[in-house]
Amino acid sequence: APKMSVDEIKAGQEPPPAGLPVSTHVDLEEYENRRVSGFNPTMMAIVSTADFSNDPKKNIRVAKDMIMPRSDELAPESCIIRVHALSLNPIDSQMTQGKFPRKFKVNRYPFIVGADFSGVVVDCGEKVNKFNPGDRVYGSLGERGGAFADYIVAPSSNLAHLPDDVSYLDGSSLPRSIESAWQALAPLFEGNGKAGSGAHKRCLLLNGTGGVGCAVIQLVKRRWLGHVTATCPPAEAEWMKSVGADETVDDQDDWSQLLQDDTPYDVIFDASGGTVQWNRARKFWKENSRKKHFVTVLGDHPERSSSFSRTLKQKAHTFGRNVANLFGQRPKYRKTHVNPSKRDLEHELTPLVESKVLEGVIDRVFTPVESEVWEAFERLHSGRTR
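For the sequence shown, this note's numbering assigns the number 2 to the initial residue and increments by one for each residue that follows.
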């Protein structure tokens with residue numbers, strides 16, 4: 002796509018679809034006004050301090066004096082985004098409590114938290130050729146965070162065009178959840194790359210009420226035409242069926258008995274983590290278990306840690322479990338780690354969002370005032386979110 006100036010965009014761009022929050026023209030004009038207002042114009046952002054705690058009131062605040070990204074410092078392959086909506090993920094909760102991924106380093110506090118966002122491109126690096134100022138986009142900054150601000154810098158490889166009929170709220174709820182589900186299951190279900198290639202495959206989804214679980218249900222049912230049984234609290238059973246689950250099971254019951262039925266499962270997707278689920282699967286999954294798959298996005302340690310020993314132990318366990326698969330009746334073990342991917346988000350998943358195969362699931366909507374931000378993080382810490 003050819004580069005276009007702000008004036009060209011404002012003069013020739015079609016008005017945004019009815020019902021979407023803010024005109025992209027306004028975003029571009031606001032950015033220009035703020036950019037020229039001073040040498041280091043400031044912006045609002047949600048930040049975490051070094052006082053790591055389970056209590057958001059102790060270490061999370063809404064700062065109004067964070068330095069806004071500057072065009073003259075923009076990397077060649079990055080974009081500046083005016084953020085319209087953002088969504089919370091478990092990784093955001095863990096990082097504000099000091100539970101960082103091993104390769105993550107915080108060099109300065111306070112640091113801006115957050116991964117998933119949607120908004121409007123207001124400036125592009127010189128090597129960006131897929132986006133222009135005024136484009137509606139969504140994406141994820143992954144574990145490095147930095148998304149919860151008025152303006153953010155995002156690598157163009159982490160962005161995708163937001164479909165016209167998808168709101169910013171729905172768009173922000175999607176990236177990390179749908180990429181997690183896709184990257185974990187596509188190698189098992191996608192087959193020849195065609196919709197329906199996983200027909201007749203059966204998936205047992207453990208702890209299906211979160212964003213990743215909902216994405217798993219939608220993909221298995223709508224893309225791959227498979228069957229899903231989801232474990233969840235009884236109060237969430239009807240809601241899980243409305244998302245698309247064929248059956249639900251009380252998450253307090255012993256689901257391992259399901260593995261001994263006449264209609265066995267091909268895949269177990271574990272969205273809760275820990276060793277209990279794997280131990281049940283390997284003990285009771287007898288029938289042709291070498292051809293079956295146990296997939297987890299959290300592994301043995303649901304809470305992320307900077308501990309090298311934990312990382313090494315997880316890799317050793319993964320290797321040992323798959324060696325056991327080669328020589329005995331054990332399912333294949335697959336521990337996945339989501340990575341923001343333009344190929345996945347733009348080319349594989351955005352068409353599914355456009356066709357409503359994948360849809361955002363929103364639990365609650367909060368505004369960026371400090372009291373509501375604290376409430377949102379308290380709700381995330383509690384694990385009660387959808």
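All C-beta atoms, glycine included, are put in the ideal place defined by N, C-alpha and C.
Remember, predicted model here, so these are calculated numbers, not experimental data.
Inset, instruction - Report, in whole angstroms, the separation of the C-beta atoms of Glu-347 and Gln-219, which I expect to be a contact under 8 Å. - result: Counting from 1 along the sequence shown, the entry for residue 347 is found at position 346. Counting from 1 along the sequence shown, the entry for residue 219 is found at position 218. That belief does not hold up - the Cβ atoms of Glu-347 and Gln-219 are roughly 18 Å apart, past 8 Å.
Inset, instruction - Could you have a look at Ala-76 and say whether DSSP puts it in helix, strand or coil? - result: Walking along the sequence shown from the start, residue 76 turns up at place 75. Three-state result, Ala-76: coil.
Inset, instruction - Give a yes or no on contact between the stretch 330-343 and the stretch 162-169, applying the rule of three or more CB pairs nearer than 8 Å. - result: The stretch 330-343, when compared against the stretch 162-169, does not touch it at the 8 Å Cβ threshold.
Legend entry - Nearest to Ser-157 (by Cα), restricted to the options Phe-190, Asp-136 and Phe-149: Working through the sequence shown from its first residue, we reach residue 157 at position 156. Comparing Cα-Cα distances from Ser-157 to each of Phe-190, Asp-136 and Phe-149, the minimum goes to Asp-136.
Legend entry - Where Ser-94 falls: helix, strand or coil (DSSP): If you number the sequence shown from 1, residue 94 lands on position 93. Helix at Ser-94.
Inset, instruction - Have a look at Ser-178 and Ser-54 and give me their C-alpha separation to the nearest angstrom. - result: Counted from its first residue, the sequence shown places residue 178 at position 177. Counted from its first residue, the sequence shown places residue 54 at position 53. Distance between the alpha carbons of Ser-178 and Ser-54 is about 25 Å.
Inset, instruction - Put Tyr-139 into one of helix, strand or coil per three-state DSSP. - result: Taking the first residue of the sequence shown as 1, we reach residue 139 at position 138. Here Tyr-139 sits in strand by DSSP.
Legend entry - Classification of Val-298 by the beta-carbon crowding that lies within 10 angstroms, buried from 16 upward: Here residue 298 refers to the residue found at position 297 of the sequence shown. Label assigned to Val-298: buried.
Inset, instruction - Kindly indicate which residue of Ser-174, Thr-249, Gly-275 and Ala-282 has the alpha-carbon position closest to the one of Asp-300. - result: Working through the sequence shown from its first residue, we reach residue 300 at position 299. Checking the sequence, you will find Gly at residue 300 rather than Asp. For the residues Ser-174, Thr-249, Gly-275 and Ala-282, the minimum Cα distance to Gly-300 belongs to Gly-275.
Inset, instruction - With Gly-214 as the anchor, note down where its alpha helix (DSSP H) starts and where it stops. - result: For the purposes of this step, residue 214 is identified with residue 213 of the sequence shown, where counting begins at 1. From DSSP, the alpha helix (DSSP H) with Gly-214 extends over 212-219.
Legend entry - contact_flag[the stretch 236-243, the stretch 276-285] where n(CB pairs < 8 Å) is 3 or more: The stretch 236-243 vs the stretch 276-285: no contact.
Inset, instruction - Alpha carbon to alpha carbon, how far is Leu-29 from Ser-173? Give it in angstroms, no decimals. - result: Here residue 173 corresponds to residue number 172 of the sequence shown, with the count starting at 1. Here residue 29 corresponds to residue number 28 of the sequence shown, with the count starting at 1. If I take the Cα positions, the gap works out to 20 Å.
Inset, instruction - Over the uninterrupted beta strand (DSSP E) stretch that includes Met-44, give me the two end residues. - result: Along the sequence shown, one-based indexing puts residue 44 at 43. Judged by DSSP secondary structure, Met-44 falls within the beta strand (DSSP E) whose first and last residues are 43-49.
Legend entry - Buried versus exposed, by CB contacts within 10 Å (16 or more), Val-277: By one-based count along the sequence shown, residue 277 stands at place 276. Exposed.
Legend entry - C-alpha gap between Val-206 and Glu-355, whole angstroms: Sequence index remark: in the sequence shown, residue 206 carries index 205 (1-based). Sequence index remark: in the sequence shown, residue 355 carries index 354 (1-based). The amino acid at residue 206 is misidentified as Val; the sequence shows Leu. One C-alpha to the other measures close to 25 Å.
Inset, instruction - Could you say if the stretch 365-382 and the stretch 180-190 meet the contact criterion of at least three C-beta pairs nearer than 8 Å? - result: no
Legend entry - Where Glu-397 falls: helix, strand or coil (DSSP): As displayed, the chain neither begins before 2 nor continues past 387, which places residue 397 out of reach and without an answer.
Legend entry - Arg-103 classed as buried or exposed, judged by whether at least 16 other C-beta atoms fall within 10 angstroms: Taking the first residue of the sequence shown as 1, we reach residue 103 at position 102. Residue placement at Arg-103 is flagged as unreliable, the pLDDT there being 49, under the threshold of 50; the coordinate-derived value follows with that caveat. Classification for Arg-103: exposed.
Inset, instruction - Using alpha carbons as the reference points, say which of Leu-189, Lys-58, Asn-90 and Arg-83 lies closest to Lys-333. - result: Here residue 333 corresponds to residue number 332 of the sequence shown, with the count starting at 1. Comparing Cα positions, the closest option is Leu-189.
Inset, instruction - Please work out which residues of its chain come closer than 7 Å, Cβ to Cβ, to Pro-77, disregarding the five sequence neighbours upstream and downstream, and give them in chain order. - result: To locate residue 77, count along the sequence shown from 1; it is residue 76. Hits under 7 Å: Gly-126, Glu-127 and Lys-128.
Inset, instruction - Can you say whether Lys-58 is buried or exposed, counting buried as having 16 or more other CB atoms within 10 angstroms of its CB? - result: Locating residue 58 in the sequence shown gives position 57, where the first residue counts as 1. Lys-58 comes out exposed.
Legend entry - Enclosing beta strand (DSSP E) for Asp-171 [first to last residue]: Within the sequence shown, numbered from 1, the residue matching residue 171 stands at position 170. Where Asp-171 is concerned, there is no enclosing beta strand (DSSP E), although the alpha helix (DSSP H) it sits in stretches over 169-173.
Legend entry - Cutoff 6 Å; reference Leu-175; Cβ partners in own chain excluding five residues on either side: Here residue 175 is taken as the residue at index 174 of the sequence shown, counted from 1. Gly-361, listed in sequence order.
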